[in-house]
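Engineer:
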Amino acid sequence: MSGRIIYLDNNATTPVDPEVRAAMMPYLTDLYGNPSSMYSFAGEVAAGLKRARAQVAALIGAMPEEITFTSCGTESDSTAILSAVRTFPEKRHIITTRVEHPAVKNLCENISLFTGHKYRVTQLKVDDRGMLDLAEYEAALSDDTAVVSVMWANNETGVIFPIAEMARMAKKRGILFHTDAVQAVGKVPIDLAALDVDFLSLSGHKLHAPKGVGVLYVKKGTLFTPFLIGGHQERGRRGGTENVASIVALGKACELAVSHMAQENSRVRALRDRLEEGLLARIPKSILNGDKINRLPNTCNISFEYVEGEAILLHMNREGICASSGSACTSGSLEPSHVLRAMGVPFTAAHGSIRFSLSVYNTEEEIDFVLDTMPPIIASLRKLSPFWKED
Amino acid sequence: MWDYTEKVKDHFENPRNVGVVDRVDGDGQVGSLSCGDALRLTIQVDKASDRIEDARFQTFGCASAIASSSALTEMVIGKTLDEASKITNEDIANYLGGLPKEKMHCSVMGREALEAASADYRGLVLPMAQGEVVCECFGVTDLEIIRAIKESHLRSVEEITNFTKAGGGCGKCEEKLRAILQKTVQGEAAQPAASGKPKRMTTLQKVKKIEEVLDREIRPVLKKDGGDIELVDVDGDIVTVAMRGACGTCAKSQTTIKEYVEKKLRELVLDSLIVEEGSL
Ligand SMILES: Cc1ncc(COP(=O)(O)O)c(C=O)c1O
Numbered sequence: 001m002s003g004r005i006i007y008l009d010n011n012a013t014t015p016v017d018p019e020v021r022a023a024m025m026p027y028l029t030d031l032y033g034n035p036s037s038m039y040s041f042a043g044e045v046a047a048g049l050k051r052a053r054a055q056v057a058a059l060i061g062a063m064p065e066e067i068t069f070t071s072c073g074t075e076s077d078s079t080a081i082l083s084a085v086r087t088f089p090e091k092r093h094i095i096t097t098r099v100e101h102p103a104v105k106n107l108c109e110n111i112s113l114f115t116g117h118k119y120r121v122t123q124l125k126v127d128d129r130g131m132l133d134l135a136e137y138e139a140a141l142s143d144d145t146a147v148v149s150v151m152w153a154n155n156e157t158g159v160i161f162p163i164a165e166m167a168r169m170a171k172k173r174g175i176l177f178h179t180d181a182v183q184a185v186g187k188v189p190i191d192l193a194a195l196d197v198d199f200l201s202l203s204g205h206k207l208h209a210p211k212g213v214g215v216l217y218v219k220k221g222t223l224f225t226p227f228l229i230g231g232h233q234e235r236g237r238r239g240g241t242e243n244v245a246s247i248v249a250l251g252k253a254c255e256l257a258v259s260h261m262a263q264e265n266s267r268v269r270a271l272r273d274r275l276e277e278g279l280l281a282r283i284p285k286s287i288l289n290g291d292k293i294n295r296l297p298n299t300c301n302i303s304f305e306y307v308e309g310e311a312i313l314l315h316m317n318r319e320g321i322c323a324s325s326g327s328a329c330t331s332g333s334l335e336p337s338h339v340l341r342a343m344g345v346p347f348t349a350a351h352g353s354i355r356f357s358l359s360v361y362n363t364e365e366e367i368d369f370v371l372d373t374m375p376p377i378i379a380s381l382r383k384l385s386p387f388w389k390e391d
Numbered sequence: 001m002w003d004y005t006e007k008v009k010d011h012f013e014n015p016r017n018v019g020v021v022d023r024v025d026g027d028g029q030v031g032s033l034s035c036g037d038a039l040r041l042t043i044q045v046d047k048a049s050d051r052i053e054d055a056r057f058q059t060f061g062c063a064s065a066i067a068s069s070s071a072l073t074e075m076v077i078g079k080t081l082d083e084a085s086k087i088t089n090e091d092i093a094n095y096l097g098g099l100p101k102e103k104m105h106c107s108v109m110g111r112e113a114l115e116a117a118s119a120d121y122r123g124l125v126l127p128m129a130q131g132e133v134v135c136e137c138f139g140v141t142d143l144e145i146i147r148a149i150k151e152s153h154l155r156s157v158e159e160i161t162n163f164t165k166a167g168g169g170c171g172k173c174e175e176k177l178r179a180i181l182q183k184t185v186q187g188e189a190a191q192p193a194a195s196g197k198p199k200r201m202t203t204l205q206k207v208k209k210i211e212e213v214l215d216r217e218i219r220p221v222l223k224k225d226g227g228d229i230e231l232v233d234v235d236g237d238i239v240t241v242a243m244r245g246a247c248g249t250c251a252k253s254q255t256t257i258k259e260y261v262e263k264k265l266r267e268l269v270l271d272s273l274i275v276e277e278g279s280l
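Protein chains in written order, with the working numbering: chain A, 1 to 391; chain B, 1 to 280.
(1) Identify whether B:Cys250 lies in helix, strand or coil by the three-state DSSP scheme.
(2) Residues of the region 277 to 311 of chain A in Cβ contact with chain B at a cutoff of 9 Å, in chain order, please.
(3) Tell me which residue opens and which closes the beta strand (DSSP E) that A:Phe69 is part of.
(4) Against chain B, with Cβ distances strictly below 8 Å, would A:Lys383 count as a contact?
(5) Alpha carbon to alpha carbon, how far is A:Thr68 from A:Lys220?
(6) Residue range of the alpha helix (DSSP H) that A:Thr348 falls in?
(7) Within this structure, are the beta carbons of B:Val269 and B:Val241 separated by less than 8 Å?
(8) Taking Cβ positions only, does A:Glu90 come closer than 8 Å to chain B?
(9) Can you give the beta carbon distance from A:Ile95 to A:Tyr119, rounded, assuming they're within the 8 Å contact cut?
(10) Could you tell me which of A:Arg53, A:Lys206, A:Leu358, A:Ile312 sits nearest to A:His351, measuring between CA atoms?
(11) Would you say A:Ser327 reaches chain B, if we count a Cβ-Cβ gap shorter than 8 Å as a contact?
(12) Measuring from the CB of A:Ala209, is there a heavy atom of ligand 3 at a distance below 7 Å?
(13) Which two residues bound the contiguous alpha helix (DSSP H) that contains B:Leu265?
(14) Could you compute how far the alpha carbon of A:Val248 sits from the alpha carbon of A:Thr74?
(15) Should A:Thr13 be flagged as near chain B, meaning a C-beta pair shorter than 8 Å?
(16) Measuring straight from C-alpha to C-alpha, what distance separates A:Ile5 and A:Ile321?
(17) The beta strand (DSSP E) with A:Asp77 in it runs from where to where?
(18) For A:Leu216, go through chain B and note every residue whose CB falls closer than 9 Å to its CB, in chain order.
(19) First and last residue of the alpha helix (DSSP H) that includes B:Arg147?
(20) Run down chain B in chain order and give the residues with a C-beta less than 8 Å from the C-beta of A:Pro386.
(21) List the endpoints of the continuous alpha helix (DSSP H) containing A:Ile312.
(22) So which residues of chain B does A:Pro102 contact, with C-beta pairs closer than 9 Å?
(23) Pull out every residue of the region 346 to 373 of chain A whose Cβ sits closer than 7 Å to any Cβ of chain B, in chain order.
(24) Starting from the Cα of A:His338, find the closest Cα among A:Ser112, A:Ala42, A:Pro102, A:Ala46 and give me that residue.
(25) By Cβ distance below 6 Å, which residues in the same chain neighbour A:Leu381 in space, the five residues on each side in sequence not counted?
(26) Which two residues bound the contiguous alpha helix (DSSP H) that contains A:Tyr137?
(27) Report the start-end ranges of each beta strand (DSSP E) in the region 348 to 386 of chain A that is 3 residues or longer and not cut off at the edges.
(28) Counting only beta-carbon separations shorter than 8 Å, does B:Phe163 have a partner in chain A?
(29) Between B:Thr42, B:Thr184, B:Phe12, B:Ile180, which has its C-alpha nearest B:Ala119's C-alpha?
(30) So if DSSP puts A:Asp9 in a beta bridge, which residue, or which two residues, is it bridged to?
(31) By Cβ distance below 6 Å, which residues in the same chain neighbour B:Gln58 in space, the five residues on each side in sequence not counted?
(32) Could you list the residues in the region 31 to 60 of chain A with a C-beta less than 8 Å from some C-beta on chain B, going in chain order?
(33) Can you find a CB in chain A that lies within less than 8 Å of the CB of B:Pro100?
(34) Alpha carbon to alpha carbon, what distance is there between B:Val20 and B:Gly167?
(35) Any beta carbon of chain B sitting closer than 8 Å to that of A:Glu156?
(36) Below 8 Å between beta carbons: does that hold for A:Val85 and A:Ala167?
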């Protein structure tokens with residue numbers, strides 16, 4: 001493997017931005033006080049938290065008091081959904097989708113572990129482009145529904161769901177609405193002030209802050225029950241001494257995201273399209289997974305038929321190219337991605353799916369290198385494949 | 001990231017004997033696209049000597065599936081069909097310096113393809129194609145599962161999944177797998193006794209059997225002398241017992257253990273057992 005890394009796996013995690021790192025460093029060195037302490041030395045630390053809260057709020061159109069810092073996107077998802085079902089203890093129905101991240105999917109499927117009683121869970125279907133059917137959603141909403149949890153954008157395909165409309169439909173029925181926006185924040189504009197969203201989750205490490213810090217937005221006026229109970233931190237919404245350095249980093253990352261977002265939607269989108277169009281043109285029997293239009297600007301999921309994803313990734317790895325796959329062998333299970341299966345992607349294609357996810361750090365030169373490197377990799381594996389018929 | 005040996009990486013990156021042999025004498029195809037791995041092995045056989053002159057593979061699958069196939073072709077070329085038929089999936093894995101346990105099914109697939117190719121050459125129908133499908137996700141039959149349990153001494157459902165993929169999909173067949181495992185393991189213990197071959201027992205089975213013999217045969221005899229015996233531990237073939245009552249203080253207890261208890265247990269349970277005295 002050469003020394004160079006071409007990182008196209010930004011939906012898995014992102015590199016920490018140098019400016020973000022610079023912003024957090026003082027809180028790992030001199031500014032070590034506990035933000036809850038009384039002396040002015042700790043006051044500087046508390047000021048860092050306050051600034052971060054305002055920076056996060058600004059990115060998503062929220063008020064600072066609607067922002068609660070957590071340890072990750074997963075904690076935010078659990079906190080939101082469990083709080084919502086506790087708000088309506090007599091309601092026993094949850095609506096979500098078949099393509100949620102495990103942070104939501106597995107929680108909903110196992111919610112009785114927390115609540116002590118069974119819930120009916122509707123997992124909305126998606127079509128072959130990964131899109132929801134709002135008529136199915138409308139029909140699923142009922143008086144027994146406690147909460148709807150639908151992701152803003154899908155981590156595997158980048159497909160974006162119509163959150164504004166879905167939240168409005170839930171609100172009309174008095175149902176709480178949560179959205180896992182971990183993949184959307186920083187990539188698409190979000191203005192929570194204009195939305196009927198009660199809870200929104202985001203995660204630092206997907207937008208160039210470190211791993212292990214997240215945010216739960218709770219709309220002002222929405223009833224809330226904490227998940228971690230302890231001290232009065234986060235106004236009693238989340239006990240535990242704050243991960244100050246990472247929170248400050250997340251604040252800075254959100255500030256930078258405001259300016260990066262324009263780039264995401266112009267330069268990054270153009271790079272993604274160049275990659276996508278190039279691969280689809282150069283490699284026969286390659287198929288785009290997910291809707292071409294309603295999609296994050298940085299994500300591209302392509303199936304290379306008749307070859308297997310892990311084998312592709314290992315060859316890419318030799319060239320220093322980092323991406324991920326929905327194949328069985330890479331998911332740690334024996335079945336390919338639940339997202340692709342929900343979309344009805346045939347097995348011939350699901351096992352050979354590769355997700356490329358870009359960021360503002362990628363260059364045209366990198367994309368061109370990938371475009372030159374991928375066709376021979378796929379061709380060499382197809383030569384091994386008993387299903388590949390050259391024609 | 002999987003932890004592959006250098007040998008696996010080498011066979012994956014530089015696969016040997018890819019393609020189809022010039023004269024296909026035996027053609028073995030296993031797996032399917034839906035399962036995520038499939039292998040076609042073709043062999044060219046010298047009729048006079050039954051020796052495999054050439055073997056080639058085509059594989060759809062992950063790095064370890066490709067490496068296992070490549071290794072298999074190297075292993076069989078030059079061997080007679082009889083010699084080749086002795087190759088087990090463990091041999092393939094060992095040839096590669098080992099495979100991650102989640103990937104053992106890749107080596108099993110290799111062995112199955114070899115069997116299929118040999119059977120095809122000999123005009124036989126493989127018994128594996130029969131049996132009842134237990135895992136519908138991956139189309140694995142009970143016969144295949146039982147065979148894997150016996151050959152690779154599998155002792156948990158997770159191991160069955162690693163070796164055969166059965167149970168790795170929706171997971172609905174888990175209970176069935178557990179039942180097959182239990183039956184097969186018990187059968188394994190009972191079967192050799194009938195055929196008089198050396199026994200292979202799990203510790204649990206040993207403990208059960210030993211307790212039985214203690215109860216039925218040994219205790220009544222010791223009790224006549226005001227003594228008793230208790231089973232303390234079974235570790236492999238080492239059986240630790242404690243003498244109680246009169247036997248506990250009897251100077252001859254050591255002799256009783258060796259001359260009587262050990263003899264009885266060897267006769268009625270397993271002839272490799274060693275009985276020692278210990279305390280609780
Ligand atoms: C859509 C989505 N939700 C939740 C998460 C979990 O976030 P975290 O890793 O911070 O717990 C991820 C990250 O993998 C994600 O992509």
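For each residue, glycine too, the CB sits at the ideal point set by N, CA and C.
As the structure is a prediction and not an experimental result, all values here were calculated from the model.
Structural biologist: The structure says:
(1) Coil at B:Cys250, not helix or strand.
(2) Here the close residues are Tyr306, Val307, Glu308, Gly309, Glu310, Ala311.
(3) Per DSSP, A:Phe69 belongs to the beta strand (DSSP E) from 67 to 70.
(4) Yes, its Cβ sits closer than 8 Å to a Cβ of chain B.
(5) A straight-line Cα-Cα distance of about 12 Å links A:Thr68 and A:Lys220.
(6) Per DSSP, the continuous alpha helix (DSSP H) segment holding A:Thr348 begins and ends at 347 to 350.
(7) Going by C-beta atoms, B:Val269 is not nearer than 8 Å to B:Val241.
(8) So no, A:Glu90 is outside the interface.
(9) The pair is not a contact, with the Cβ atoms about 11 Å apart (cut-off 8 Å).
(10) Selected option, being the one with the closest Cα: A:Ile312.
(11) Chain B contact via Cβ: present.
(12) With respect to small molecules bound, the structure shown includes ligand 1 and not ligand 3.
(13) Following the DSSP letters along the chain, one finds B:Leu265 inside the alpha helix (DSSP H) bounded by residues 263 to 268.
(14) In a straight line, the C-alpha of A:Val248 is about 20 Å away from that of A:Thr74.
(15) With 8 Å as the cut-off, A:Thr13 does not count as an interface residue toward chain B.
(16) About 6 Å.
(17) DSSP places A:Asp77 outside any beta strand (DSSP E); the residue lies instead in the alpha helix (DSSP H), whose first and last residues are 73 to 87.
(18) Here the premise fails: no neighbours, minimum Cβ distance about 31 Å.
(19) Residues 142 to 152.
(20) Ordered by position in chain B, the residues that pass the 8 Å Cβ test against A:Pro386 are Gln29, Ala38, Leu39, Arg40, Gln58, Thr59, Phe60.
(21) Taken as a continuous stretch (DSSP letters only), the alpha helix (DSSP H) holding A:Ile312 covers 309 to 318.
(22) Listed by position along chain B, the residues whose Cβ is nearer than 9 Å to that of A:Pro102 form an empty set, because the closest Cβ is around 15 Å away.
(23) Phe347, Thr348, His351: these are the residues of the region 346 to 373 of chain A whose beta carbon lies less than 7 Å from some beta carbon of chain B, given in chain order.
(24) For the residues A:Ser112, A:Ala42, A:Pro102, A:Ala46, the minimum Cα distance to A:His338 belongs to A:Pro102.
(25) For A:Leu381, same chain residues with a beta-carbon under 6 Å away, outside a window of 5 residues either side, are Val307, Ala311 in chain order.
(26) 134 to 140 is the span of the alpha helix (DSSP H), which, as asked, contains A:Tyr137.
(27) Considered as a whole, the region 348 to 386 of chain A harbours 353 to 357 as its complete beta strand (DSSP E) runs of no fewer than 3 residues, in chain order.
(28) It does not: the Cβ of B:Phe163 has no partner Cβ on chain A nearer than 8 Å.
(29) The alpha carbon of B:Ala119 has as its nearest neighbour, out of B:Thr42, B:Thr184, B:Phe12, B:Ile180, the alpha carbon of B:Thr42.
(30) Partner residues in the beta bridge of A:Asp9, as assigned by DSSP, are A:Ser357.
(31) So the qualifying residues of the chain are Arg40.
(32) Here the close residues number zero.
(33) By this cut-off, B:Pro100 is not an interface position.
(34) Their backbone Cα atoms lie some 32 Å apart in a straight line.
(35) Residue-level contact check: A:Glu156 does not touch chain B, since none of the beta carbons of chain B fall below 8 Å from its beta carbon.
(36) Taking 8 Å as the Cβ cut-off, A:Val85 and A:Ala167 do not qualify as a contacting pair.
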